[in-house]
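Numbering (our numbering), first residue to last: 13 to 225.
So, in structure tokens, the structure goes:
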């Protein structure tokens, strides 16, 4: 795979552009309670949040009562982001919209407090590289949540039977494998869930004091 391929995934961008209109009708929406529970795992008020794979803005309905310093909605799909903008611009404190690939984020080192990856992790072609890029932009003590509101088997069944060939290889690994990868690149992982109806890994970077120690 070439560097150009890694820097921007045009194939997946095209797939999600084609799926954007009608996406919310085809994909089951998490309950309000489930969305709120996810957002409340981490304090986001006054924080800079990067929502990778934001899509049409599924998480944003749970953010309208919050006050992040900045919420960066990041996605490969221009059309997904257009829909998100139509729905939420002016309704979310500090909303910024960013078309970018997780493998090559146009963001400064140590600039993000919280990274949320909801429903997107299987679509990272080089998962280690994407996680290293997330690590680069996170501040010391910054938090990362990788989440699916359904179980791993459900995700893999849906992707594995997709009509889009590019998505059929986008499979979710067991949480223990993801945890091992995260720890190998310097994350602390206090929590993991890998059940029939939820997949979630909560990780963070050490503080500067721990890094120096």
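Where is the CB? At the ideal position from N, CA and C, for every residue including glycine. Keep in mind the model is a prediction, meaning the values are calculated, not measured.
Beyond the five residues adjoining it in sequence on each side, residue 87 comes within less than 7 Å, by CB distance, of 65, 66, 67, 93 and 111 in the same chain, given in chain order.
The C-beta distance from residue 62 to residue 149 rounds to 7 Å, short enough to fall under 8 Å. The shortest CA-to-CA distance from residue 130 to any of 200, 32 and 167 is the one to 167. For the pair residue 174 and residue 89, the Cα-to-Cα distance works out to about 18 Å. For residue 121, the number of other beta carbons within 10 angstroms of its own is below 16, and it is reported as exposed.
Rounded to whole angstroms, the gap between the alpha carbons of residue 115 and residue 43 is 30 Å. The distance from the Cβ of residue 207 to that of residue 172 is about 19 Å, inconsistent with a contact at the 8 Å cut-off. For the segment 116 to 140, the full-length beta strand (DSSP E) segments reaching 3 residues or more read 124 to 130 along the chain. Contact between residue 48 and residue 74 holds, since their C-beta atoms are separated by about 5 Å, short of 8 Å. Nearest in C-alpha terms to residue 58, of all of 156, 69, 159 and 125, is 125. When 69, 127, 108 and 78 are compared, the shortest CA-CA separation from residue 99 is found for 69. Distance between residue 134 and residue 23, taken at the CA atoms: about 15 Å.
Annotation for residue 140: 193 and 197 place their beta carbon closer than 8 Å to its own, counting only its chain and skipping 5 residues before and after.
Going by DSSP, residue 38 is part of the alpha helix (DSSP H) stretching over 35 to 38.
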